[in-house]
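Residue numbers (our numbering): 387 to 502.
Structure representation (structure tokens):
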């Protein structure tokens, strides 16, 4: 049995395949981050709305993991450090056919002028 890391719950599945708040508002994102404690999927700080950071600020959940294919790093908002961690419940990333940025039908043609 692996050691439990405070702020990481490997048994929790992600909240969906896209940013929770962007999906509700019909917005778009650049990259996705998954809360390692509750599974909330939010958009990264390069995205217009930065929902992953907003989730940390409202919940206090310190760790996110990239929700991008081929990436498994963890980031701790409290100390701004990059970490390795346990494998989280599947899926490990958004669907491979989902565009970056995404979702395709909502990304403006001049999207690069909207990123941070």
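All C-beta atoms in this analysis are idealised placements derived from N, C-alpha and C, irrespective of residue type, glycine included.
Contact under 8 Å by Cβ, residue i with residue j
i           : j           : result
residue 489 : residue 453 : no
residue 413 : residue 435 : yes
residue 494 : residue 500 : yes
Residue i versus residue j: straight-line alpha-carbon distance, rounded
i           : j           : result
residue 445 : residue 463 : 12 Å
residue 450 : residue 476 : 15 Å
residue 447 : residue 460 : 12 Å
residue 470 : residue 485 : 26 Å
residue 457 : residue 419 : 10 Å
residue 398 : residue 468 : 21 Å
residue 472 : residue 441 : 21 Å
residue 409 : residue 474 : 22 Å
Reference residue i; option with closest CA among the options
i           : options            : result
residue 497 : 402, 391, 417      : 417
residue 439 : 413, 457, 466      : 466
residue 443 : 502, 398, 421, 459 : 421
residue 396 : 423, 484, 494      : 423
residue 492 : 402, 411, 390      : 411
residue 402 : 487, 485, 481      : 481
residue 393 : 409, 415, 425      : 425
Spatial neighbours of residue i in its chain, beta-carbon cut-off 6 Å, leaving aside the 5 residues before and after
i           : result
residue 437 : 405, 407, 428, 429
residue 391 : none
Own chain, CB closer than 7 Å to residue i, minus 5 neighbours either side, in chain order
i           : result
residue 479 : 453, 454, 455
Cutoff 8 Å: residue i Cβ touching any chain B Cβ
i           : result
residue 478 : Of the chains in the structure shown, none is chain B; there is only one protein chain.
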